[in-house]
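Novice:
Protein chains: 2
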Amino acid sequence: MKAYILLTPGPTPLPPSVSAKMAEPILHHRTKEFGKVFDQVISDMQYVYRTQQTVVMMTASGTGTMESAVVNLMSPGDKALVHTTGAFGDRFVKILRTYGLNPVVVAEEWGHSASPEKLLAAIKANPDLKACFFQHTDTSTGVVNDLPRLAQVVREHSDALVVVDTVSGLGAEELEFDAWNLDVAVTGSQKGLMNGPGLGFAAVSERAWKAVAAAKLPRFYFDWTTMKASLPNQETPYTPGVNLVVAQAEALRMLKEEGIENVWKRTAELAAYTRKQVTGRLGLKLYAKDPADILTGAWLPEGVDGNKLLAAMLAEERISIANGQEKLKGRIIRIAHMGYITKADVDAGLDSLARRLQPVRA
Amino acid sequence: MKAYILLTPGPTPLPPSVSAKMAEPILHHRTKEFGKVFDQVISDMQYVYRTQQTVVMMTASGTGTMESAVVNLMSPGDKALVHTTGAFGDRFVKILRTYGLNPVVVAEEWGHSASPEKLLAAIKANPDLKACFFQHTDTSTGVVNDLPRLAQVVREHSDALVVVDTVSGLGAEELEFDAWNLDVAVTGSQKGLMNGPGLGFAAVSERAWKAVAAAKLPRFYFDWTTMKASLPNQETPYTPGVNLVVAQAEALRMLKEEGIENVWKRTAELAAYTRKQVTGRLGLKLYAKDPADILTGAWLPEGVDGNKLLAAMLAEERISIANGQEKLKGRIIRIAHMGYITKADVDAGLDSLARRLQPVRA
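What follows is the structure in structure tokens.
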């Protein structure tokens, strides 16, 4: 019996004390006991986001929080820009189109981060943008975007809101919500936040709340206004994922204890180590031109079927490494090193890859 | 240190083996190992729903699944009817209005179930209904609706879809999705299904799928079509609440082992016992004219402040009984007896109430 080693970019493994919290007897969500835990989660999320602004919570996975950003900020006819660097940027495009909005799309070649120059040109060509949507890190390609610079370009040349999907970045890569002048940053519980999937959060600036008040797209379950109104009562409008909230409180306690800057540093060091091993020891070519610290994507050698390789690793060794998405399926591997993933976990994955790729090279 | 006794109508307590599953090392959601568990959950949900039709799953709480029914079935301009028997029926009205639909509302006095005669009159006055929305049981009032008869009235006099919120009823009160000719039944994981909150399900008939294909209201995260398309691959379109799914599989295994008809019987027996104790021993008047088996609502004696009473029970004895909602807050109590709530739990609540109400009567 082998331990299960999870090197996928979400869900990531849970610290034992977080798992233990998940199994505690369930609390009713309209009690002071639960309210106190929920309130602590919101306040600790402000710490992780590095913000004094409002943070709201919803029971949903990352895609739900992305949709919540669209429906709470936009009205029919509003113009939006999506600067996409992969599958998750493309998802913002799909959501906006679902609601009848036809966004301006600035698309980077996969593996490249968002170019501030291209953004500037698109903003100048579209002076009437309501919001610009970005990824912090796109797990489909393993790139990190230069958010402070992108946000600055928007601020200097437009009144558009800066909306960020940091589902895979928060709690792993540096993010400064207030200092970088972001308007909205949505995230999920199952990556850097070291919890099971099922909770989402949004940090929302004062500027963004004004847009929310005016936004006309329909929303009920995802309505941030009712979530905000419930915060002073230390509760959510609807029954939240109670076990996940209690577990989240423990994971956030751990992040605070380590200190968020130390978390960023630890993640960056493990990323640097992994990149070095992947290129040196394994002899693979990195996929991303601007690699993120949350995961390392690498091209497999010609003739190696990634689907078979990863399936065999999982079946024979219980090591779970992510495949490429969409057009990259079977051609790249993605090794995550965020959240509670340790150097020992990464080494187990690298050892297995080294053994399995050797015959190909021999 | 006293054990926490949860007598609230959701979340309800979890069986120990379900809690233990919640704490297991997390699985990646795109693996065969998880896919097998998910597939079992869907198939066991068909067993619980008593249906051969498709069941889809979403990561959200009950209100999210209610909204999913509205956005997947309706188009702008469609006419809907809501037959409301309490706060959750009213919620369907609010959701429909949020999407610009102005439903025909048939409202019963709180505590009364939906009258088939009133329904028939409303249907005759509105021959062009697209869907009729009902509650199976409304936890705000503790009534159960005569769904087979209501569904029959709709079928005989209209082409409208029969849409049911069974968030609090499924896995506790009798429900026969196929035999009763229902089109949609949405539910949540945290009541009769004996799991933590955060998962939602919808059973969807063939007739309803045709409506889904034509429905024009916008939806992305809650789009049933993408959920259905992912079922053959034993997966969900977006990262599901993995821990909750694994825990749900165990809770459903227990429900199947007992047999769903035995679960209904056990719940009905505990409900009959509770009603007898509440009226006899406690001398309280039942709130509902048509009481459900999931919970018993009862009027507090004149001069008793329900808010203070319930707060004291929770603080001093860690017994959680639900307050009245909205206009009933502080005036009624609601003792749940569904899911994993046992006779011993109910007795602990009744004992505490007997002690605390005695001075009022003396």
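These protein sequence lines are chains L and Y, in that order. Under the numbering used here, think of the first position of the first sequence as 1, with each following residue one higher. Under the numbering used here, think of the first position of the second sequence as 1, with each following residue one higher. Beta carbons are placed, not taken as given, at the ideal position from N, Cα and C, and that holds for glycine.
(1) Where does H83 (chain Y) sit, in a helix, a strand or coil, going by DSSP?
(2) Label R97 (chain L) either buried or exposed according to how many other C-beta atoms from any shown protein chain fall within 10 Å of its C-beta, with 16 as the threshold for buried.
(3) Would the region 166–178 of chain L and the region 29–37 of chain L be scored as touching if the rule is three or more Cβ pairs under 8 Å?
(4) Checking contacts by CB at 8 Å: is K2 (chain Y) closer than that to chain L?
(5) With three or more C-beta pairs closer than 8 Å as the rule, is the region 80–88 of chain Y touching the region 201–209 of chain Y?
(6) Go ahead and label A185 (chain Y) buried or exposed: buried means 16 or more other beta carbons lie within 10 angstroms of its beta carbon, across all protein chains shown.
(7) When you compare each of Y:G324, Y:K276 and Y:A292 to N307 (chain Y) by their alpha carbons, which one comes out closest?
(8) Rounded to whole angstroms, what's the CA-CA distance from S61 (chain L) to G64 (chain Y)? Just pull it up for me.
(9) Can you check whether the C-beta of P218 (chain L) is within less than 8 Å of a C-beta belonging to chain Y?
(10) Using a Cβ-Cβ cut-off of less than 9 Å, list which residues of the region 226–257 of chain Y approach chain L; keep chain order.
(11) Does G100 (chain Y) have its Cβ less than 8 Å from a Cβ in chain L?
(12) Return the Cβ separation of L310 (chain Y) and I333 (chain Y) in integer angstroms, given the expectation that the two are a contact with Cβ distance under 8 Å.
(13) Is there at least one Cβ from chain L nearer than 8 Å to G10 (chain Y)'s Cβ?
(14) Skipping 5 residues on each side, what residues in its chain have a beta carbon closer than 6 Å to that of G297 (chain Y)?
(15) Can you tell me whether N72 (chain Y) is buried or exposed, with buried defined as 16 or more other CB within 10 angstroms of its CB?
(16) Once you ignore the five residues that flank L147 (chain L) on each side, which residues in its own chain have a CB closer than 8 Å to its CB?
(17) Of the residues L:L300, L:N102, L:N243 and L:D293, which one's Cα is nearest the Cα of P197 (chain L)?
(18) Spell out whether any CB of chain Y is found under 8 Å from the CB atom of S320 (chain L).
(19) Can you grab the Cα-Cα spacing for the pair L385 (chain L) / I294 (chain L), in whole Å?
(20) With a threshold of 8 Å on Cβ separation, who are the neighbours of S68 (chain L) within its own chain once the five nearest residues in sequence on each side are excluded?
(21) So, is the C-beta of H157 (chain Y) closer than 8 Å to a C-beta in chain L?
(22) Measure the Cβ-Cβ separation of V162 (chain Y) and P116 (chain Y) and say whether it is below 8 Å.
(23) Just to confirm the assignment, what range does the alpha helix (DSSP H) spanning T65 (chain Y) have?
(24) So who's on the other strand from K210 (chain Y), going by DSSP bridges?
(25) Alpha carbon to alpha carbon, what distance is there between L284 (chain L) and G259 (chain L)?
(26) What is the DSSP secondary structure of I332 (chain L), counted as helix, strand or coil?
(27) If we count the other Cβ atoms within 10 Å of its Cβ and call it buried at 16 or more, is S168 (chain Y) buried or exposed?
(28) When DSSP builds the beta bridges, which residues end up paired with A20 (chain L)?
(29) Using a C-beta to C-beta distance shorter than 9 Å, which residues of chain L count as neighbours of S205 (chain Y)?
(30) What is the DSSP secondary structure of N307 (chain Y), reduced to helix, strand or coil?
(31) Any beta carbon of chain L sitting closer than 8 Å to that of L357 (chain Y)?
(32) To the nearest angstrom, how far is it from the Cα of G171 (chain Y) to the Cα of Y49 (chain Y)?
(33) With distances taken Cα to Cα, identify the nearest neighbour of L120 (chain Y) among Y:W110, Y:G111, Y:V105 and Y:E109.
(34) Between L:S17, L:T342, L:V304 and L:A249, which lies nearest to Y273 (chain L) when the distance is taken from Cα to Cα?
(35) For L363 (chain Y), name the three-state secondary structure that DSSP assigns.
Specialist: Looking at the coordinates:
(1) The residue you call residue 83 (chain Y) lines up with position 83 of the second sequence. Correct three-state label for H83 (chain Y): strand.
(2) Taking the first sequence and counting its residues from 1, the one referred to as residue 97 (chain L) is at position 97. Per the 10 Å Cβ criterion, exposed.
(3) Touching, no, given that fewer than three Cβ pairs across the two stretches are closer than 8 Å.
(4) Counting from one through the second sequence, the residue named residue 2 (chain Y) turns up at place 2. Output row for K2 (chain Y): interface = no.
(5) With the cut-off at 8 Å, the region 201–209 of chain Y and the region 80–88 of chain Y do not touch.
(6) Against the second sequence, residue 185 (chain Y) aligns to sequence position 185. So A185 (chain Y) ends up on the buried side.
(7) Numbered from 1 along the second sequence, position 307 holds the residue referred to as residue 307 (chain Y). Ranking Y:G324, Y:K276 and Y:A292 by Cα distance to N307 (chain Y) puts Y:G324 first.
(8) For the purposes of this step, residue 61 (chain L) is taken as residue 61 along the first sequence, with counting starting at 1. For the purposes of this step, residue 64 (chain Y) is taken as residue 64 along the second sequence, with counting starting at 1. S61 (chain L) and G64 (chain Y) have their C-alpha atoms some 12 Å from each other.
(9) As a working note, residue 218 (chain L) is residue 218 in the first sequence. Taking Cβ atoms only, chain Y reaches closer than 8 Å to P218 (chain L), which makes this a yes.
(10) The region 226–257 of chain Y vs chain L, Cβ under 9 Å: T236, P237, Y238, T239, P240, G241, V242, N243, L244 and A247.
(11) Numbered from its first residue, the second sequence carries residue 100 (chain Y) at position 100. True, the Cβ-Cβ gap to chain L drops below 8 Å.
(12) Your numbering for residue 310 (chain Y) matches position 310 in the second sequence. Your numbering for residue 333 (chain Y) matches position 333 in the second sequence. Contact check for L310 (chain Y) and I333 (chain Y): beta-carbon distance about 7 Å, within the 8 Å limit, so the pair qualifies.
(13) For the purposes of this step, residue 10 (chain Y) is taken as residue 10 along the second sequence, with counting starting at 1. G10 (chain Y) counts as touching chain L.
(14) On the second sequence, residue 297 (chain Y) is found 297 positions in, with the first residue counted as 1. Correct list, in chain order: G142, Y287, A288, I332 and R334.
(15) Here residue 72 (chain Y) corresponds to residue number 72 of the second sequence, with the count starting at 1. The Cβ neighbour count for N72 (chain Y), taken over all protein chains shown within 10 Å, is at least 16; the residue is labelled buried.
(16) To locate residue 147 (chain L), count along the first sequence from 1; it is residue 147. Taken in chain order, the residues that qualify are F134, H136, V164, L175, W180 and L182.
(17) Against the first sequence, residue 197 (chain L) aligns to sequence position 197. Cα-wise, what sits closest to P197 (chain L) is L:N243.
(18) As a first step, residue 320 (chain L) is located in the first sequence; it is residue number 320 there, counting from the start. Cβ-Cβ to chain Y under 8 Å: yes for S320 (chain L).
(19) As displayed, chain L neither begins before 1 nor continues past 362, which places residue 385 (chain L) out of reach and without an answer.
(20) By one-based count along the first sequence, residue 68 (chain L) stands at place 68. Excluding residues within five positions, the ones whose Cβ falls inside 8 Å are M58, A60, V186, G200, A202, R219, F222 and W224.
(21) Counted from its first residue, the second sequence places residue 157 (chain Y) at position 157. When Cβ-Cβ separations below 8 Å define contact, H157 (chain Y) makes no contact with chain L.
(22) As a working note, residue 162 (chain Y) is residue 162 in the second sequence. As a working note, residue 116 (chain Y) is residue 116 in the second sequence. No, the Cβ-Cβ distance between V162 (chain Y) and P116 (chain Y) is not below 8 Å.
(23) Position 65 of the second sequence, counted from the first residue, corresponds to residue 65 (chain Y). Per DSSP, the unbroken alpha helix (DSSP H) holding T65 (chain Y) starts and ends at G62 to L73.
(24) Numbered from its first residue, the second sequence carries residue 210 (chain Y) at position 210. Per DSSP, none; premise fails for K210 (chain Y).
(25) Here residue 259 (chain L) is taken as the residue at index 259 of the first sequence, counted from 1. Here residue 284 (chain L) is taken as the residue at index 284 of the first sequence, counted from 1. Distance between the alpha carbons of G259 (chain L) and L284 (chain L): 33 Å.
(26) By one-based count along the first sequence, residue 332 (chain L) stands at place 332. DSSP, reduced to helix, strand and coil, places I332 (chain L) within a strand of the structure shown.
(27) For this step, residue 168 (chain Y) is matched to residue 168 along the second sequence. With 16 or more Cβ atoms within 10 Å of its Cβ, S168 (chain Y) is classed as buried.
(28) One-based indexing of the first sequence puts residue 20 (chain L) at position 20. According to DSSP, which records beta bridges pairwise, A20 (chain L) is partnered with nothing at all.
(29) Position 205 of the second sequence, counting from 1, holds the residue named residue 205 (chain Y). Going along chain L, no residue has its Cβ under 9 Å from S205 (chain Y), so there is no contact; the nearest lies around 23 Å.
(30) For this step, residue 307 (chain Y) is matched to residue 307 along the second sequence. Helix at N307 (chain Y).
(31) Translated into positions along the second sequence, residue 357 (chain Y) becomes position 357. Not an interface residue.
(32) As a first step, residue 171 (chain Y) is located in the second sequence; it is residue number 171 there, counting from the start. As a first step, residue 49 (chain Y) is located in the second sequence; it is residue number 49 there, counting from the start. The alpha-carbon atoms of G171 (chain Y) and Y49 (chain Y) are separated by roughly 8 Å.
(33) In the second sequence, counting from the first residue as 1, residue 120 (chain Y) sits at position 120. Out of Y:W110, Y:G111, Y:V105 and Y:E109, the CA that lies nearest to the CA of L120 (chain Y) is found in Y:V105.
(34) Indexing the first sequence from 1 puts residue 273 (chain L) at position 273. Taking the Cα of Y273 (chain L) as reference, the smallest distance to any Cα among L:S17, L:T342, L:V304 and L:A249 is reached at L:T342.
(35) Residue 363 (chain Y) lies beyond the range of chain Y shown here (1 to 362); nothing can be said about it.
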